[in-house]
Amino acid sequence: MPNVVDVRFEYHEAKEIGIGEDRPRISWSYSGEDQSWTQQSYTIEISRHGVTKTFDSDSDQCLFILWPTTPLLSMEVALVRVRASDKNGNATEWSDVARVETGLLNQDDWQCHLIEAETIEQTEGFNRPIVFRREFSLQKPIRRARLYVTAHGIYAAKLNGSSIGDHVLSPGWTNYTNRLTYQTYDVSSLVDHGLNTLHVTVAPGWYCGRLGWGAGKTNLYGSTLGLVALLRVECEEGDPILLGTDSGWQWGYGPTLSAEIYDGEVFDATQSLSQLTQWGSVACKPITDRLESPDGPPIRRTQEIQPIGILKSPSGQSIIDMGQNIVGWLRIKVSGGTAGHQIQLQFAEVLEDGECATRTLRNAKARDTVILDGQGTLEWEPDFTYHGFRYVGVDNWPGTLTTDSVKGIVVHTDMKKTGSFSCSNPLLNRLHENITWSMRGNFVGIPTDCPQRDERLGWTGDINVFADAGNYLYRTGGILKTWLDDLRYEQRRAGGIVPLVVPSVFEGFDQDAHAIWGDVSVMLPWSLYRATGDSQFLARQYSSMKAWLDVIPRRENRLWNYISEWKLGDWLDPAAPSDDCGKATTDPTFVSDTFLAHITTLMKSISEILGEKEDVQAYTVALEKIRSAFCHEYITPAGLVANCTQTAFALAIQFNLIPSEEQEQHAARYLSRIILESRYKIGTGFAGTPYIGHALSKVGLTDVFYRMLLSRKNPSWLYPVTMGATTVWERWDSMLPNGAINPGEMTSFNHYALGAVASWMHGFILGFRIEEAGWKTITIEPTPGGGLKWAEGEYLSGYGIYRVRWKITQDSEMQEESIWVEVRIPPNTAAKVKLPGLEEFKHVGSGSHSWEVPYQSTQWPPEPFVLPFGQREPFPVDESLPCPWDRNTE
């Protein structure tokens, strides 16, 4: 029998406490390799206040099961375990007990105030954090203690000198006028019998710090730092003790002299908290914020990295090389130095002419300063900033700087990793690693465009084009549920227009409708629904989706009618000038119309799922009109698409906008010829990049896409890899072949958008494709090519782990090839498996299955390009990595 594992609630992992749902839906997964096992019924056992009840259901569902009993109360704990039975009535063992604990579910639960410094004048640009302090005594034995806390700013809390929790940069970034999230911490082990001291330091962060490029904007949500906190201590006897923010708190300045997200921190070790003697009174104000518990995991330190070396720049600066472009900060350990000695840490993603390249940071200083106290060894890391960097220029380090002096601390929203990929081509493996690193570094509270310069905003277009890839790599439901809630709020404020960035930063900057960016309101919930099986993503967003389609300016034929001359379109087309990223070769109105057809198609499906019958009919009619108008305007009888570009053909093919099979075949030939004439270089920007591979595979040209994917010429996916990239670049050529940085103003070396190709790598090289939403049933259809000898990967679905492995072998005597394919299907799911070279599907249930069939590899390397004057350019090929597993021993 399989085991019931990973019992969880909504999008919270079991270790999280203080959730905000009073009736949290329950999900569980399975482990084990039982053949064709399916769940026929389940029993949920819930223990509350010492009373245990069981709830039975004849259902095969194990995701998002409705809470079967009365709602939870604030601060309540329930213990939950699950078992399931198969069609023969055989029951699994009980799962491990999962603990669910609610936070403060009602505004009335906050028996405290918002406190601010009473006498401080915080002018615009003032960025020194404030320390709030409360002393209290406890005389009774303690059973349990919880701290509920949030801030106007970002905070770091300590109780009796020990850091509280493992969250960083809390409460994260939401549109604070819509809601402010709070966090719950178990501080039972930190509370002492007798005198206790609670310190909470609050810095500007996203609340009143600088946001946006150029001069940016400060005080977006307010100009004054503030704290809301409630400590609840349950003693062995008597009523709980509540200590909330009130007039009994004090404020002062701590050792952090300044802190900004973009600019970094200045820390003065001579001004330690323990030496702080001047404390002022606080002002108490009513709490007007809508306080909510987070929907998903917090931002955490997730990894520590040791530098690979210390370089010396031409100017004589010591430069730490982390060996990997990361997002987070540096932890230093420094000995020696006199009191007042200043160490400067300058963060940069790349080097140019041997020096830290800071031009790409624009107006972000990205610099930390540490002032020593001369009291022996100091260990320090920042609390209120983060950087995107591989290199750190160090000035004024006392003594000898070594790789043991520092560690790189990787920081991001602590999502669970779901997807893995490896194959025989080392460059493809590095590309996949780069994509994964870029996703981690750009999921810091919200999905951002970049993590290093004066931007770091929630661009709607970036996450829209990357969502399918991202949902292969990580469990994103929690963080994106929160972000979509803010999107709906911002959209309502804008009269239906979806802002270019969420949370919105620049009023008036993004007041026009833009395809792809605005289409995120439809496409992202759909992607999340497909990945998770949670139809609430569709239901919660449905009014937003409809509002977006209603506000799109239309011509009489129902296609786009752009009011603004500025159109984003196929943003960052490699042919666009470095100073004009929107000047793409594909007409932006054409791009908009293809996506309009696509989101209308999705709306038809979504309204069917939600049972909105009138809307189904309306979107069916609308789709017919849009397709007819599109065909009339853009498609010739011969299958030629207006704008003979890679993006134009890819979108028309992928979104089913070419009317007949014959026309589609002609279009496929045109697209293949365009790619051949480009010598297999990529020619797409934001709009076309996620779809070019899928479109080519759809029309039987997977071999053509393999040549594109494995090309190393600029522009291509592997060009940055050959240039030493360890993350995905914003531009195809953020660094030029001679090592110079692209002169364009927007030149980030950590942007995930062009890494959308990961969805093709998982969907075609591995062959994982969703059939039933949530991965209940899938298709597995590996598509070898490009000289790959083997590939393997996994996907952690809500049901359990899917795995695929394939390997091409050759009989040394007969010189005949075969391919061996192994799949593992988790319990309570099923798959259709299509083996390379065969037409029929094999239908399998859970368990491990393997096959070996004859196979004929395509020619690799391909024939050399024939250049003018008869020159030949061979296609570069790497030596294959050895297969890390042996099918005969596993």
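Per UniProt numbering, the very first residue in the sequence shown carries number 1; after that it's consecutive. Where a beta carbon is used, it is the ideal one built from N, C-alpha and C, also for glycine.
Please report the Cβ distance between W717 and V757, rounded to the nearest whole angstrom; I am assuming they are in contact, meaning their Cβ atoms lie under 8 angstroms.
6 angstroms
So, with DSSP's three-state summary, where would you put F9?
Looking at F9 - three-state DSSP - the assignment turns out to be strand.
Pairing CB atoms from the stretch 696 to 712 with CB atoms from the stretch 589 to 597, are three or more of them under 8 angstroms?
no
How long is the line joining the alpha carbons of V350 and L427, rounded to whole angstroms?
Straight through space, the alpha carbons of L427 and V350 are spaced by roughly 20 angstroms.
Which listed residue (R456, N471, P447 and F466) has its alpha carbon closest to that of L487:
P447
On the criterion of 16 or more Cβ atoms from any shown chain inside 10 Å, does T377 qualify as buried, or is it exposed?
By the 10 Å Cβ count, T377 comes out exposed.
With C-beta atoms as the reference, is E794 less than 9 angstroms away from G470?
no
Does the Cβ-Cβ distance between Y155 and R232 come in under 9 angstroms?
no
For I164, tell me which candidate among L559, G280, T201 and Q39 has the shortest Cα-Cα distance.
Ranking L559, G280, T201 and Q39 by Cα distance to I164 puts T201 first.
Nearest-angstrom Cα separation, counted from E816 out to L457:
54 angstroms
Let's see if you can read the secondary structure: which residues bound the alpha helix (DSSP H) around A347?
Rather than Ala, the amino acid found at residue 347 in this sequence is Phe. Per DSSP, F347 belongs to no alpha helix (DSSP H); it is in the beta strand (DSSP E), Q342 to A348.
Report yes if the CB atom of residue 899 is closer than 9 angstroms to the CB atom of V392, and no otherwise.
The requested residue 899 is not part of the displayed model; the chain covers only 1 to 890.
Tell me which residues share the same chain as V877 and place their Cβ nearer than 8 angstroms to its Cβ, disregarding the 5 neighbours each side in the sequence.
G787, W860 and P861
Y802 lies in the alpha helix (DSSP H); which residues open and close that run?
From DSSP, Y802 is part of no alpha helix (DSSP H) but of the beta strand (DSSP E) over I801 to Q810.
Going along the chain, which unbroken runs of the beta strand (DSSP E) with 3 or more residues stay wholly within the stretch 94 to 152?
98 to 101, 114 to 117, 130 to 138 and 142 to 152
Which runs of the alpha helix (DSSP H) spanning at least 4 residues fall entirely within the stretch 523 to 587, listed in chain order?
Every alpha helix (DSSP H) stretch that sits fully inside the stretch 523 to 587 and reaches 4 residues is listed by chain position as 536 to 551.
Take L881 and list the residues in its own chain whose beta-carbon comes closer than 7 angstroms to its own, dropping the five residues that flank it on each side.
S424 and P426
Indicate the three-state DSSP secondary structure (helix, strand or coil) for P854 in the structure shown.
Three-state result, P854: strand.
Grab the span of the alpha helix (DSSP H) containing F705 for me, first residue to last.
T702 to L710
Taking Q324 and T726 to be in contact with their CB atoms under 8 angstroms, please state how far apart those CB atoms are, rounded to whole angstroms.
5 angstroms
CA-CA distance, M735 and P574?
13 angstroms
Thinking C-alpha only, which one of I326, R133 and L311 is nearest Q278?
R133
Using 9 angstroms as the threshold, is the C-beta distance between N442 and H751 below it?
N442 is a Cβ neighbour of H751, given a cutoff of 9 angstroms.
Within the same chain, show all residues whose beta-carbon is closer than 7 angstroms to that of G445, passing over the 5 residues directly before and after it, in chain order.
Residues of the same chain with a CB within less than 7 angstroms of the CB of G445, apart from the 5 flanking positions on each side, are L169, G172, W173, I299 and T413 in chain order.
Using the C-alpha atoms, what's the distance from E10 back to I46?
16 angstroms
Check whether L754 and V721 have beta carbons under 9 angstroms apart:
no
DSSP three-state label for C62, please.
coil
Can you tell me which of the three DSSP states G376 falls into?
coil
Three-state secondary structure (DSSP) at E45?
strand
Through-space distance from L796 to R81, alpha-carbon basis
21 angstroms
Classify R805: buried if its beta carbon has 16 or more other beta carbons within 10 angstroms, exposed otherwise.
buried
From H182 to G194, what does the alpha carbon distance come to, in whole angstroms?
His is not the amino acid found at residue 182; the sequence shown has Tyr there. Each residue's Cα considered, the two are about 28 angstroms apart.
Between the stretch 520 to 532 and the stretch 478 to 494, do at least 3 Cβ pairs fall closer than 8 angstroms?
yes
To the nearest angstrom, report how far apart K567 and T858 are at their CA atoms.
41 angstroms
Alpha-carbon to alpha-carbon, A494 and K613
28 angstroms
Nearest to Y474 by alpha carbon, out of G461, P503 and F421?
F421
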